[in-house]
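Participant:
In my numbering, the protein residues as written are 11 to 456.
(1) Just to confirm, is the Cβ distance from residue 185 to residue 158 under 8 Å?
(2) Once DSSP output is grouped into helix, strand and coil, what is the label at residue 145?
(3) What's the call for residue 38, buried or exposed, on a 16-neighbour Cβ count within 10 Å?
(4) Quick one: what does DSSP say residue 103 is sitting in, helix, strand or coil?
(5) Within the stretch 168 to 232, note down every full beta strand (DSSP E) run reaching 3 residues or more, in order along the chain.
(6) Taking its Cβ as the centre, do 16 or more other Cβ atoms sit within 10 Å of residue 176, making it buried, or is it exposed?
(7) What does the Cβ neighbour count give for residue 210, buried or exposed, with the cut at 16 atoms within 10 Å?
(8) Is the stretch 129 to 147 touching the stretch 73 to 81, taking contact as three or more C-beta pairs under 8 Å?
(9) Between the C-alpha atoms of residue 195 and residue 236, what's the straight-line distance to the nearest angstrom?
(10) Reducing DSSP to helix, strand and coil, say where residue 42 ends up.
(11) Assuming residue 60 and residue 109 are in contact, meaning their beta carbons sit under 8 Å apart, how far apart are those beta carbons, in whole angstroms?
(12) Within 8 Å, do at least three Cβ pairs link the stretch 240 to 250 to the stretch 43 to 54?
(13) What do you get for residue 62, buried or exposed, if any count of 16 or more other CB atoms within 10 angstroms of its CB means buried?
(14) Quick one: grab the DSSP three-state call for residue 35.
(15) DSSP on residue 482, reduced to helix/strand/coil?
(16) Secondary structure at residue 306, three-state DSSP: helix, strand or coil?
(17) When burial is assigned at 16 or more other CB atoms within 10 Å of the CB, is residue 27 buried or exposed?
(18) Could you check the C-alpha separation between residue 70 and residue 105 for me, to the nearest Å?
(19) Taking the beta strand (DSSP E) that residue 25 falls in, what are its first and last residues?
(20) Within the present structure, is the beta-carbon of residue 183 separated from the nearest heavy atom of the ligand MG by less than 7 Å?
(21) Compute the distance between the beta-carbons of residue 21 and residue 44, then report whether it is under 8 Å.
(22) Buried or exposed: where does residue 96 fall if 16 or more other Cβ atoms within 10 Å of its Cβ makes it buried?
(23) Does the distance from the C-beta atom of residue 541 to that of residue 174 stay below 8 Å?
(24) Is DSSP giving residue 30 helix, strand or coil here?
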């Protein structure tokens, strides 16, 4: 007996308005079981409650009444969620990232080793036919290409339970065929798939069991073969014989069963379309989605990669890292520091000489400004008053004096005098503003 992955008993979900009154009864007494290795087709018209049921399974919504367990645990359990893959109806991935970056981002969230992320990303992009567009931004993808990316990210953790909400919506027949092949491969590996789709032919091709909902209630639940079989009809399939034999068979059966009918089977439109695309892909190229390279090896479980829990890389993560040979080669250079010390000292002496020269070449104006900026304004003013002598004004040339003899005031003293005057002016403005404020306050009190 296979393991029960999902068990729901009398599930009900009501959506209420602002006043707490029931506005929509999305689900009503829904009960079913989903065993491992089974593909379950969840069917129903728009608004029947299919997406609501999926969100309850994922733990995104809580049921109003009833009990549900996923892998024997509550749907919100983190361990159970780590084994689930989900493809929503509308894939909302990061449009500013490339296809490779998106898969790397989700792989790091899942805490997968970097080599596993790279290997699986390449395989998944090959599988969904997007390897040629792996460096393109998702914002440049069409709706169908974005849907393919959603399928790729859902399979990155090799899930035991895969939930597909309208996975073929917006896909071309080529993509639909690849999704169905993927579901069949996963089923053969013992994976469990819950599928919703309005394309009944797709559900019929891959589903082992069917669960039909209408008005939030289960209308039918059972194996696909039992629900779809017509016990009143008989179909005989055989290679076409010679025309003489066909005529005899038709005559004999018509006499025994007048309502019988003979016809030759026709190729489905899907198979005809796939044949045309396969032939065209050999001679022409396209910027859109291409034919996939088949299901990824790790999903088939035929490659060297095994389950994540069995990966030796995960165990090696906790071990101390081996020494990098490049670092080992750099160590001898560190041992030669003593030999190069004299050279470094000579360089330092040369730098000191250059700094001394550069200080001498700095203008007096810049030196004064740097000194003043490095100390508070009041301290500078007091210090300048004590140390700086009274500046001597420029003397005019007397008629008796010989031409060219003029005493010039030292430029540095003029700059200091100018700065002191500015500081005193600022202080006067501050005192005036304080007086004005006191005057206004007294006036307001009166």
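Where a beta carbon is used, it is the ideal one built from N, C-alpha and C, also for glycine. From a predicted model like this one, the values you see are computed outputs, not experimental measurements.
Facilitator: With the given structure in hand:
(1) In the chain shown, residue 185 corresponds to position 175, counting from 1. In the chain shown, residue 158 corresponds to position 148, counting from 1. Yes; because the gap between Cβ atoms is below 8 Å, this pair is in contact.
(2) Translated into the one-based positions of the chain shown, residue 145 becomes position 135. Note: residue 145 maps to coil in three-state DSSP.
(3) Here residue 38 refers to the residue found at position 28 of the chain shown. Residue environment for residue 38: buried (at least 16 other C-beta atoms within 10 angstroms of its C-beta).
(4) Taking the first residue of the chain shown as position 1, residue 103 is located at position 93. Residue state, collapsed to three classes: coil.
(5) Assignment of beta strand (DSSP E) within the stretch 168 to 232, counting only whole runs of 3 or more residues, yields 171 to 175, 202 to 206 and 219 to 224 in chain order.
(6) Along the chain shown, read from residue 1 onward, the residue named residue 176 stands at position 166. Buried.
(7) Working through the chain shown from its first residue, we reach residue 210 at position 200. Result: exposed.
(8) no
(9) Position 185 of the chain shown, counted from the first residue, corresponds to residue 195. Position 226 of the chain shown, counted from the first residue, corresponds to residue 236. If I take the Cα positions, the gap works out to 23 Å.
(10) The residue given as residue 42 occupies position 32 in the chain shown. Strand.
(11) In the chain shown, the residue the question calls residue 60 occupies position 50. In the chain shown, the residue the question calls residue 109 occupies position 99. Not really, about 29 Å apart at Cβ, beyond 8 Å.
(12) Because the criterion of three Cβ pairs below 8 Å is not met, the stretch 43 to 54 and the stretch 240 to 250 do not touch.
(13) Walking along the chain shown from the start, residue 62 turns up at place 52. Buried, because 16 or more other Cβ atoms sit within 10 Å of the Cβ of residue 62.
(14) Within the chain shown, residue 35 is the residue found at index 25, counting from 1. Note: residue 35 maps to strand in three-state DSSP.
(15) Outside the shown range of the chain, which is 11 to 456, sits residue 482, and nothing can be said about it.
(16) Within the chain shown, residue 306 is the residue found at index 296, counting from 1. Correct three-state label for residue 306: coil.
(17) If you number the chain shown from 1, residue 27 lands on position 17. By the neighbour-count rule (16 or more Cβ atoms within 10 Å), residue 27 is not buried but exposed.
(18) What you label residue 70 is simply residue 60 of the chain shown in a count that begins at 1. What you label residue 105 is simply residue 95 of the chain shown in a count that begins at 1. C-alpha separation (whole angstroms): 24 Å.
(19) The sequence position of residue 25 within the chain shown is 15, counting from 1. Counting along the chain, the beta strand (DSSP E) containing residue 25 begins and ends at 14 to 26.
(20) Absent from the structure shown: the ligand MG. Ligands present: none.
(21) The residue given as residue 21 occupies position 11 in the chain shown. The residue given as residue 44 occupies position 34 in the chain shown. Cβ atoms of residue 21 and residue 44: not closer than 8 Å.
(22) The sequence position of residue 96 within the chain shown is 86, counting from 1. With 16 or more Cβ atoms within 10 Å of its Cβ, residue 96 is classed as buried.
(23) One cannot answer for residue 541 here, as it falls past the ends of the chain, which runs 11 to 456.
(24) Along the chain shown, read from residue 1 onward, the residue named residue 30 stands at position 20. It is coil, neither helix nor strand.
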